[in-house]
Structure formats: structure tokens, C-alpha cells
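One structure is given below, encoded as C-alpha cells.
Number of protein chains: 2
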Amino acid sequence: MKDDQRFMALALEQARQAYQAGEVPIGAVLTIRGRVIAQDHNRTEELEDPTAHAEILCLSAATAFLRSKYLRSATLYVTLEPCPMCAGALAWAQIGRLVYAAPDPERGFTRYQPGLLHPRTRWEQGPFAEEALALLQHFFRTKRRSTSRN
Amino acid sequence: MKDDQRFMALALEQARQAYQAGEVPIGAVLTIRGRVIAQDHNRTEELEDPTAHAEILCLSAATAFLRSKYLRSATLYVTLEPCPMCAGALAWAQIGRLVYAAPDPERGFTRYQPGLLHPRTRWEQGPFAEEALALLQHFFRTKRRSTSRN
Numbered sequence: 050m051k052d053d054q055r056f057m058a059l060a061l062e063q064a065r066q067a068y069q070a071g072e073v074p075i076g077a078v079l080t081i082r083g084r085v086i087a088q089d090h091n092r093t094e095e096l097e098d099p100t101a102h103a104e105i106l107c108l109s110a111a112t113a114f115l116r117s118k119y120l121r122s123a124t125l126y127v128t129l130e131p132c133p134m135c136a137g138a139l140a141w142a143q144i145g146r147l148v149y150a151a152p153d154p155e156r157g158f159t160r161y162q163p164g165l166l167h168p169r170t171r172w173e174q175g176p177f178a179e180e181a182l183a184l185l186q187h188f189f190r191t192k193r194r195s196t197s198r199n
Numbered sequence: 050m051k052d053d054q055r056f057m058a059l060a061l062e063q064a065r066q067a068y069q070a071g072e073v074p075i076g077a078v079l080t081i082r083g084r085v086i087a088q089d090h091n092r093t094e095e096l097e098d099p100t101a102h103a104e105i106l107c108l109s110a111a112t113a114f115l116r117s118k119y120l121r122s123a124t125l126y127v128t129l130e131p132c133p134m135c136a137g138a139l140a141w142a143q144i145g146r147l148v149y150a151a152p153d154p155e156r157g158f159t160r161y162q163p164g165l166l167h168p169r170t171r172w173e174q175g176p177f178a179e180e181a182l183a184l185l186q187h188f189f190r191t192k193r194r195s196t197s198r199n
């Protein structure tokens, strides 16, 4: 879908902004009927908050903006397969659709049983997996060279 | 443990405050070496944010206060077994210990495989399970009588 390309490209741009800011480069965009409602990137370092993932920030911004706890008609685009925390948050919001770029075999929500998303949420892997993964790999390679921590 | 009784009683007091405010009555207290660092209750209605669970609010407050993403020496007391979102957040924070009052067979983190907490997190069911559950049951009974929504 053309929209999926466009919105995932925006999410990737958010991931690049995270990279520039020294954050783990993951970006997300939340849309409703082709309109961007929220976009953000990982800010766990800036906010010193382990819950400040791109998905959670988009979700909190969108629910505050829409004054609704539920996002049944929304689609979330994110550059990496969400972790269980984010999948659990998307389940509470009953998000309509989830599209992620790169799979995360180590921490991704699809590893877990029973399923972590809401039963009515449609989800799929979408475009730009290679670009999203390359950005993450480059970030962690550079980080390992520059510091002995982690 | 005497501390567990004391801190879970505080968490239960938070749950009662949530009840009074019309929120799902769940409370949490975060401590480090016998000192309360954060305490809060569910605020999903007030903030219109499905991520505003007692555990997440305590965790974000504590990491901001301590200026650290990690809470390896902290204990979280919560009146209901955490959901996958909250367990995932506690995993990112690498919380030292988790004590919950009432089990949640429907949405609790212990239902899921592989485990959702950090491998070094110790966890157990603690005191006041009956009190915590009675408060929740009373809340949902009253809510069902007063509204046709949900």
C-alpha cells in the first residue's frame, strides 16, 4: 500500500532523529484515516525513563489529543517489531492495525504466548525492514566502539 | 516480612484513592532499602491514557527522581498482578523485586511464555490479596450497575 510506504518512511525519519540524538534509533508514526496524529522516537536516554519507547510516546500523545483511551481506527507504524511492554500498551488501546519494519527475534512480541495484542488488532510486517535494521546495527556498532558500558 | 505488610498496606491505600476517584482500584508503591521512592494509583480515566497504570506511573516517577533508567535495588509493591505491559516495563528497568497482592488469572504476566520479567527480578505473591480483590470486585459490580458502557 502506498500509504504504508509513506508513513513508514516518516517513522524511519523519526528513527534517524533518534540516532542523531544518541537514542536507540526506533521511530513510530500513528495515523487515523491517512492523517498523522502523532510521531515520535525512542527517548529513554533523554527522559531517563525505560518506558519512553517510540510506540508508548505516540500512543500517549494520540490518546491525549483525541481524548480517548481507545484507538480502534488507528494504525501504528514502527521501525522495529514492538517489545512486550509496547504490545501490551497497544492491546489496552485496542489499536486497529500495527505495521512494523524490522522483525526483532530477540525481544519482539511475536515470541510470546498467548498473543500480546488485542484479538481485533490486525498486524503485519511492512516496508523498510532493511533500512530500519541497518540503522540499529550501525548505532550499536558505533556505541560499542565508543564506550565500554553495556 | 514486616516491610512487605507495611508497604502493601500503603499500596492498598493508593488503590482506595483510585476507587474514590472512579479509577480501577489498583495501587503501587516503589521502595529502595525501606524508603518509599514513589507511590501512585491507576489514572487511565483522569489522563485518558491506557498506559497510566499504577506500576508505570511509579516506575517513571522513580527513574526521573533517581535519574537512572535502572531500578535494580528497588522493590515494587502492587495490589494486582501486573499485566504484560507493566511486566515488560519492569523488565526494562531491571527491577530488583516485585511483590503483588491479588493474582490476575485473566491478564496477569505469569500466564505468558517466555517469562516477561527480567531474569534477575525476584517476584512473589504477598499480603492483602483478599482486600485488594474485594476492592476490585466491588468497583466492577458498582460500575456495571451504574452504566451500560463497558
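Taken in sequence, the protein lines are chains A and B. Each residue of the first sequence is one higher than the one before, starting from 50 at the first, in our numbering. Each residue of the second sequence is one higher than the one before, starting from 50 at the first, in our numbering. Glycine included, C-beta positions come from ideal geometry on N, C-alpha and C. Owing to the predicted nature of the structure, the values given are computational and were not obtained by experimental measurement.
Taking a Cβ-Cβ cut-off of 8 Å, the neighbours of A:Pro-133 in chain B comprise Pro-133, Met-134, Ala-136, Gly-137, Ala-140, Tyr-161, Leu-165, given in sequence order.
Across the set B:Met-134, B:Ala-136, B:Ile-144, the C-alpha of B:Ile-144 shows the shortest separation from the C-alpha of B:Ser-117. Nearest to A:Pro-99 by alpha-carbon distance, out of B:Val-78, B:Glu-94, B:Ala-140, B:Leu-79, is B:Ala-140.
Between the stretch 147-165 of chain A and the stretch 177-197 of chain A there are three or more C-beta pairs closer than 8 Å, enough to call the two in contact.
Assigned with DSSP and collapsed to three states, A:His-102 falls in coil, not helix or strand.
Cβ-Cβ distances below 7 Å link B:Tyr-161 to Pro-133 in the same chain, with the five nearest sequence neighbours on each side left out; the list follows chain order. Of the candidates B:Leu-165, B:Ala-58, B:Thr-159, the residue whose Cα lies closest to the Cα of A:Phe-158 is B:Leu-165.
Excluding five sequence positions before and after B:Phe-56, the CB atoms of its chain that fall closer than 7 Å to its own CB belong to Val-78, Thr-80, Tyr-126, given in chain order. DSSP, read as helix, strand or coil, puts A:Thr-170 in coil. By the C-beta density criterion, B:Gln-63 is buried, having at least 16 other C-beta atoms within 10 angstroms. The three-state reading of DSSP puts A:Gln-162 in strand, counting E and B together. Per DSSP, the unbroken alpha helix (DSSP H) holding A:Asp-53 starts and ends at 51-69. Per DSSP, reduced to three states, the secondary structure at B:Thr-124 is strand.
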